[in-house]
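Asks: Please find one structure pasted underneath; my questions will follow.
In this note's numbering, the protein residues as written are 22 to 184.
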């Protein structure tokens, strides 16, 4: 499904990514591990076509990244992108519809995910009123609500509340 071949990215005089290659098939899980500054986030941004590589190639089922593929990907970025002044429910529905879901489908999935993650009682609160951990859960829901074929999580556990 996802094939990354010999990625290379340089910023000014800093080589951020050099020769990264791997393949991920449907149903597989892959983790990019390394110290801060190793190029994990840069690699993810190249894979998602947010950044262009200086060398190498990324393909999905043998095709280059496109808008069609973009809607089949769920992405949880390292930097969170929630509308802090909006209500939790409205935020989830907005992002679900941006991913091509109709309103009824978005509401049904949002309800199911909020219930599953014990967030249903917060649905009418503003995002900024939630703990950082609960905001992280909301960001996760937004990333997967449209049932993507590929899920990319960058630092998915940062900020989660301890159990």
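In this text, a Cβ means the ideal position worked out from N, Cα and C, and glycines have one as well.
Threshold first: 4 residues or longer. Then list the alpha helix (DSSP H) segments lying entirely within the stretch 70–150, N to C.
Replies: Counting whole runs of 4 or more residues, the stretch 70–150 contains the alpha helix (DSSP H) stretches 88–91, 109–119 and 124–137.
Asks: Closest to residue 165 by C-alpha separation, out of 66, 141 and 133, would be which residue?
Replies: Position 144 of the chain shown, counted from the first residue, corresponds to residue 165. Out of 66, 141 and 133, 133 has the C-alpha closest to the C-alpha of residue 165.
Asks: May I ask you to report which of helix, strand or coil DSSP gives residue 42?
Replies: As a working mapping, residue 42 is identified with position 21 in the chain shown. Note: residue 42 maps to strand in three-state DSSP.
Asks: With distance defined between alpha-carbon atoms, name the residue in 34, 103 and 108 nearest to residue 75.
Replies: Working through the chain shown from its first residue, we reach residue 75 at position 54. Comparing Cα-Cα distances from residue 75 to each of 34, 103 and 108, the minimum goes to 34.
Asks: For residue 110 and residue 29, I'd like the C-alpha separation in whole angstroms.
Replies: As a working mapping, residue 110 is identified with position 89 in the chain shown. As a working mapping, residue 29 is identified with position 8 in the chain shown. Going by the C-alpha atoms only, they are around 40 angstroms apart.
Asks: Exposed or buried, what is residue 60 when buried is set at 16 or more other beta-carbons lying within 10 Å of its beta-carbon?
Replies: In the chain shown, counting from the first residue as 1, residue 60 sits at position 39. Buried, because 16 or more other Cβ atoms sit within 10 Å of the Cβ of residue 60.
Asks: For the 8 angstroms Cβ check, are there 3 or more pairs between the stretch 92–100 and the stretch 126–146?
Replies: With the cut-off at 8 angstroms, the stretch 92–100 and the stretch 126–146 do not touch.
Asks: Of the choices 79, 55, 83 and 71, whose alpha-carbon is the least far from that of residue 27?
Replies: Position 6 of the chain shown, counted from the first residue, corresponds to residue 27. Out of 79, 55, 83 and 71, 79 has the C-alpha closest to the C-alpha of residue 27.
Asks: Might you give, ordered along the chain, the residues of its own chain that have their beta carbon closer than 8 angstroms to the beta carbon of residue 118, omitting 5 neighbours on each side?
Replies: Translated into the one-based positions of the chain shown, residue 118 becomes position 97. The residues are 124 and 127.
Asks: If you check the beta carbons only, do residue 171 and residue 51 fall under 8 angstroms apart?
Replies: Numbered from its first residue, the chain shown carries residue 171 at position 150. Numbered from its first residue, the chain shown carries residue 51 at position 30. No.
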